[in-house]
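Visitor: If you scroll down you'll find the structure; I have some questions about it.
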Amino acid sequence: MFQYIDCFVTDSGRDYVKDLIKNGARSAAQVAELQSITGYFYKIQDSVEFSIQGKMVQAFEEYLNSNYTPVDLTTSFNSYLQAFYNRHAYPEKFVFLKSGITQTLQLVSDVSRYIAAVRQQGEESEAVGLLFEEFIRICAAINFDKIYEKFASPGFHDVFVADYLLRIQNRENLGRLGQIVAIIDGHVAMAAATRKNSFVFPEIIDQDERKIEIHDLYHPFLAKPVKNDFSLKKGSNLLFLTGPNMAGKTTYMKSLGIALILAHVGMGVPAAAMQFSVVDQLFLQLTVHDDIRQGVSSFYREILQIRRIVELLQSGRRLMVIIDEIFKGTNVTDALECSKTVINGFARFSEQFFLISSHLYELQPHLAGSANVQFRCFAAKPAAGRLSFSYKLQDGVSDVRIGTRILAEAGITSFLNKE
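Under the working numbering, the sequence shown has 395 at position 395, and the numbering climbs by one with no breaks.
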């Protein structure tokens with residue numbers, strides 16, 4: 001999914017968004033701020049291009065993080081002597097420093113011009129304004145104007161003076177400028193991906209309302225996706241999903257996971273409209289494998305993951321839990337009993353959100369007693385001697401079993417039954 005939305009210019013911008021995704025716990029206000037930044041760049045991207053070169057940023061970072069010993073400028077006499085010595089004794093050091101300083105100055109100049117061009121488009125959002133002001137304030141503190149003046153036609157001493165001012169006296173300030181460039185690139189890229197894929201920005205609603213509603217949700221990887229709605233809210237917070245293999249359950253669950261991840265980093269989502277309460281953690285379990293080295297079966301891994309969810313529920317964290325084919329790693333009898341216990345238990349946490357799928361339609365009467373459980377399904381029906389899937393979400397529970405039919409359609413049954 002990350003590669004699908006990759007419109008980044010810089011590696012640091014890419015890493016910034018990856019960190020947003022990995023460290024997902026944030027308040028509704030923080031999510032709204034992220035969305036306001038992306039939304040602003042979304043509005044002005046046709047008018048102003050973020051034309052910073054990735055190689056320039058990489059050169060800047062390599063320069064800033066280099067371990068070359070700087071020339072000691074604490075005494076003016078020794079600095080000239082050391083500069084002369086370093087220039088001739090370590091020519092590769094001199095070339096690297098001069099190039100790194102040149103790239104740094106060019107980067108600061110290009111970003112400053114970009115900020116000026118963006119501000120000509122009209123009033124920016126508060127979060128964007130604060131980001132720009134911080135960049136300008138740090139540039140003034142470093143006194144780049146003086147360094148630009150010295151570097152117009154620099155001598156060997158000027159190179160080492162500029163290096164000392166930048167890498168030694170202002171390393172922290174330069175590091176923060178690099179972070180701001182990464183933040184800008186990250187949000188410009190998310191805005192570009194939102195526009196490119198015709199995503200929509202979701203509405204963040206009050207936390208007390210506790211709701212996730214999505215209209216025409218779809219999986220962005222599909223060329224012609226079938227769109228479906230999704231809705232959970234306080235008091236109707238668990239969706240129990242059934243349906244045969246290939247009917248669309250897993251794709252639907254992945255689509256929801258993608259939409260929630262993108263919404264929580266302030267980006268547009270693959271849907272016609274979305275309202276959501278912020279969650280602290282998305283727990284997504286689509287496949288479970290055994291661990292032969294540790295002697296852990298797939299079923300026991302499921303148990304451990306359920307225990308982890310329980311621990312998170314006990315901690316008070318706001319969750320969205322998505323589990324595909326719960327307890328599929330054990331026999332039908334145990335799966336039925338374990339599923340009854342876990343699903344009914346989860347449903348009682350009325351302000352938490354759960355989407356759980358299963359092939360065990362026999363669970364329906366054991367869950368129907370809870371008003372918090374919704375029943376939805378994907379169906380299949382025979383058509384022209386073969387199975388047909390609409391991929392549309394329906395109310396109720398599907399009791400369709402198609403394993404033997406698929407086996408026959410693959411030609412396996414007839415082959416194995418030959419005498």
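Where is the CB? At the ideal position from N, CA and C, for every residue including glycine.
Nothing here was measured: the structure is a model prediction, and the numbers come from that model.
(1) Quick one: is residue 98 buried, meaning 16 or more other Cβ sit within 10 Å of its Cβ, or exposed?
(2) Out of curiosity, what's the CA-to-CA distance linking residue 146 and residue 140?
(3) Work out the CA separation of residue 324 and residue 95 for me, nearest whole Å.
(4) Can you have a look at residue 337 and say buried or exposed, based on whether 16 or more other CB atoms are within 10 angstroms of its CB?
(5) Could you give the distance in angstroms between the alpha-carbon of residue 69 and the alpha-carbon of residue 82?
(6) Taking the beta carbon of residue 191 as the centre, do at least 16 other beta carbons fall within 10 Å, making it buried, or is it exposed?
(7) Alpha helix (DSSP H) containing residue 29: first to last residue?
(8) Please name the residue in 412, 189 and 136 whose C-alpha comes closest to that of residue 404.
(9) Just the C-alpha distance for residue 230 and residue 309, rounded to the nearest angstrom, thanks.
(10) Which runs of the beta strand (DSSP E) fall wholly inside the stretch 314-351 and span at least 3 residues, in chain order?
(11) Residue 269 bridges to which residues according to DSSP?
(12) Where does residue 185 sit, in a helix, a strand or coil, going by DSSP?
(13) Look at residue 217 and residue 270 and say whether their C-beta atoms are less than 9 angstroms apart.
(14) Would you mind reading off the limits of the alpha helix (DSSP H) that contains residue 287?
(15) Ignore the nearest five residues each way along the sequence and tell me which others in residue 375's own chain have a CB closer than 6 angstroms to its CB.
(16) Got a sec? Which residues, its chain only, sit under 8 angstroms from residue 181 by beta carbon, not counting five neighbours each side?
(17) So is residue 249 buried or exposed if we call it buried at 16+ other beta carbons inside 10 Å?
(18) To the nearest angstrom, how far is it from the Cα of residue 194 to the Cα of residue 268?
(19) Is residue 99 helix, strand or coil by DSSP?
(20) Does the Cβ of residue 322 have 16 or more other Cβ atoms within 10 Å, making it buried, or fewer, making it exposed?
(21) What are the start and end residues of the alpha helix (DSSP H) that includes residue 394?
Guide: By the coordinates alone:
(1) Note on residue 98: 16 or more other CB atoms within 10 angstroms of its CB, so buried under the neighbour-count rule.
(2) 10 angstroms
(3) 57 angstroms
(4) That one is exposed.
(5) 11 angstroms
(6) buried
(7) 28-44
(8) 412
(9) 22 angstroms
(10) 319-323
(11) 200
(12) helix
(13) Their beta carbons are under 9 angstroms apart, which means residue 217 touches residue 270 by this criterion.
(14) Where residue 287 is concerned, there is no enclosing alpha helix (DSSP H), given that its DSSP letter is neither H nor E.
(15) Contacts found: 240, 396 and 397.
(16) 10, 12, 13, 52, 57, 107 and 111
(17) Here residue 249 is buried, its C-beta having at least 16 other C-beta atoms within 10 Å.
(18) For the pair residue 194 and residue 268, the Cα-to-Cα distance works out to about 5 angstroms.
(19) Here residue 99 sits in helix by DSSP.
(20) buried
(21) Here residue 394 belongs to no alpha helix (DSSP H); instead the beta strand (DSSP E) covers 386-395.
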